[in-house]
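Engineer:
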Amino acid sequence: MIPEIEYLRPGNLQEALQMLSEYGETARPIAGGTDILPGFHINSRRFRDIKTLVDISNLPEITAIREANGGVYIGGAVTFTDIVKHPLIREKYPMLADAAAQIGSVQIRNRATLAGNFVNNAPCADSVPPLLVYDARVTVRSLRGERHQPLGEFLLKPYRTQLQPDEMVTEVFLPPLPAGFRGEFYKLGRRRGVAISRITLAVLVKMDQRVIEDIRIASGAVTPIGARFPELEAQARGKTAEADFLKELAIQLGEQILQRTGLRWSSAYKLPVVQQVFYQLLRRICQ
Amino acid sequence: MKEISIHFTVNGKKVSLNVPSRKRLLDVLREDLGLTGTKEGCDVGECGACTVVMNGRAVHSCLVLAAQADGAEILTVEGLAQNGELYPLQKNFLEYGAVQCGFCIPGMLMSSYALIQENPHPGEEEIKEAIAGNLCRCTGYKQIIQAVEATVKR
Ligand code: FES
Ligand code: FES
Chain A
50 MIPEIEYLRP
60 GNLQEALQML
70 SEYGETARPI
80 AGGTDILPGF
90 HINSRRFRDI
100 KTLVDISNLP
110 EITAIREANG
120 GVYIGGAVTF
130 TDIVKHPLIR
140 EKYPMLADAA
150 AQIGSVQIRN
160 RATLAGNFVN
170 NAPCADSVPP
180 LLVYDARVTV
190 RSLRGERHQP
200 LGEFLLKPYR
210 TQLQPDEMVT
220 EVFLPPLPAG
230 FRGEFYKLGR
240 RRGVAISRIT
250 LAVLVKMDQR
260 VIEDIRIASG
270 AVTPIGARFP
280 ELEAQARGKT
290 AEADFLKELA
300 IQLGEQILQR
310 TGLRWSSAYK
320 LPVVQQVFYQ
330 LLRRICQ
Chain B
137 MKEISIHFTV
147 NGKKVSLNVP
157 SRKRLLDVLR
167 EDLGLTGTKE
177 GCDVGECGAC
187 TVVMNGRAVH
197 SCLVLAAQAD
207 GAEILTVEGL
217 AQNGELYPLQ
227 KNFLEYGAVQ
237 CGFCIPGMLM
247 SSYALIQENP
257 HPGEEEIKEA
267 IAGNLCRCTG
277 YKQIIQAVEA
287 TVKR
């Protein structure tokens, strides 16, 4: 059941921010509604205090994808379908397009937004690992002003971000990726459509002959929230990409995941899979 | 009860009504407009039985607040047949035995319809992707895919 709620539709961003500031904790922006409405339906604790929904899905200021500063700005209400179809994102940030294409189902992608995916910050949010390896930055607005933050800092813990009740994510910036990076996104789910991810990995590597010049690694679903692995990345830089070393890196990835999550009932299954998949990804990217 | 007034187009007809703001598009279609072809299955975006086409895109009507459909063009399964004649997709669903209990069929039709509008000659993979969010517990999907294929080949 959807509870008694008040529905507000601001005409522009400024009005939306005013509403959020006025209603505070009891208000929540709604765009695609693909997390909030099922959440209401199962009476999820996370959405119980909501009394007012502020519909931001059609605000002109946040529904566009634009090219600037060498990168791409994606508006806070841009849907996954918009992302999948966007030629520039497909060309320059293919892992994001790839992840977006595998989210939910056509019906979900037509409504669900990129910003909603990481603001909800479920451990299995598929867009997060690619965004993290692309060093995405978020723009957050409120009546108090605007701030910019790397996504990795913005995300705090499962279902928690630094977003305050009066704030809204207005844009995501994907900075230009230095030439020479190649990458791949991997997702394991139980069913083809609408699968909750069990494992996601995003890996970007820049090779200089046989040497790993730079590398970015992120995972989702197997870590409490989507996250990068800075120690692992540091360790790999400057190393020759030979099978033994890549295997070693994969073993360590498994160990770091275990450290972050603790032993779970599913670890016995997931860890070897993560390690094997990661190893194979590296082999393909580095060859 | 908090109410909101909405104006939208459903199957080509302009509709205006006041609805409680907690009602979903699915509820308004079925309860207020009597369009019960759109089915209510899981209510959480997993089964696709409630699929309608909104502004040209397939959406779950269980995940859209009616208020969010204000100003939209909605097409439901009732809007497919024209002048008493079934839409080609519907004819092929019958011809290929793609309908058993029928519960998933309105959703399947609307997902396939949205696909064909956007991409008149989809391949098998594209058809499968378009209906990946629609569950069918009877047919095994094969006949449904064949029916869509037959429609786009003509
Ligand atoms: S009832 Fe809407 S997806 Fe199942
Ligand atoms: S025909 Fe029965 S669920 Fe599809």
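Protein sequences appear in the order of chains A and B. Take any residue in the first sequence, count from 1 to its spot, add 49: that is its number in my numbering. Take any residue in the second sequence, count from 1 to its spot, add 136: that is its number in my numbering. No residue lacks a Cβ here, since even glycine has one placed at the ideal position from N, Cα and C. Quick caveat, the model's predicted, so the values are computed rather than measured.
For ligand 1, is there any heavy atom lying closer than 7 Å to the beta carbon of HIS197/A?
Structural biologist: No, since every heavy atom of ligand 1 falls outside the 7 Å radius drawn around the Cβ of HIS197/A.
Engineer: Quick one: which unbroken beta strand (DSSP E) runs of 3-plus residues sit fully inside the region 199-254 of chain A? Chain order, please.
Structural biologist: Segments of the beta strand (DSSP E) lying fully in the region 199-254 of chain A: 204-206, 217-223 and 230-237.
Engineer: Tell me, please, whether the CB atom of GLY184/B is closer than 8 Å to any CB atom in chain A?
Structural biologist: Judged by the 8 Å Cβ criterion, GLY184/B is in contact with chain A.
Engineer: Taking Cβ positions, are ILE261/A and ALA285/A nearer each other than 8 Å?
Structural biologist: Yes, the pair counts as a contact, with Cβ atoms nearer than the cut-off.
Engineer: Listed from N- to C-terminal order along the chain, which residues in the region 135-159 of chain A have their beta-carbon within a distance smaller than 8 Å of any beta-carbon of chain B?
Structural biologist: Flagged, chain order: GLY153, SER154, VAL155, GLN156, ILE157 and ASN159.
Engineer: By DSSP, does GLU209/B sit in helix, in strand, or in coil?
Structural biologist: Reduced to three states, the DSSP call for GLU209/B is strand.
Engineer: With DSSP collapsed to three states, give me the class of VAL235/B.
Structural biologist: DSSP places VAL235/B in coil when its eight states are reduced to three.
Engineer: Closest Cβ-Cβ distance between TYR72/A and chain B: below 8 Å?
Structural biologist: Answer no: the Cβ-Cβ gap between TYR72/A and chain B never drops below 8 Å.
Engineer: Evaluate contact between the region 219-236 of chain B and the region 173-191 of chain B, counting only Cβ atoms and requiring at least three cross-stretch pairs below 8 Å.
Structural biologist: These segments do not touch.
Engineer: CA-CA distance, ILE138/A and THR130/A?
Structural biologist: Taking the straight line from one Cα to the other gives about 12 Å.
Engineer: Spatial neighbours of THR210/A within its chain, please: CB distance less than 8 Å, with the 5 preceding and 5 following residues excluded, ordered by chain position.
Structural biologist: These residues qualify, in order along the chain: PHE167, VAL168, ASN170, PHE203 and LEU204.
Engineer: I'd like to know whether the C-beta atoms of ALA276/A and THR249/A end up nearer to each other than 8 Å.
Structural biologist: Not in contact: ALA276/A and THR249/A (Cβ atoms no closer than 8 Å).
Engineer: Counting only C-beta atoms, is THR289/A closer than 8 Å to chain B at any point?
Structural biologist: With 8 Å as the cut-off, THR289/A does not count as an interface residue toward chain B.
Engineer: I need the straight-line Cα distance from PHE239/B to VAL284/B, nearest angstrom please.
Structural biologist: Their backbone Cα atoms lie some 17 Å apart in a straight line.
Engineer: Can you look up GLN218/B in the DSSP assignment and give me helix, strand or coil?
Structural biologist: Strand, per DSSP.
Engineer: Just verifying my parser: in three-state terms, what is the DSSP assignment at SER106/A?
Structural biologist: SER106/A: coil per DSSP, three-state reduction.
Engineer: Would you kindly work out how many angstroms separate the C-alpha atoms of PRO242/B and THR212/B, rounded to a whole number?
Structural biologist: When rounded, the distance between both Cα atoms is 8 Å.
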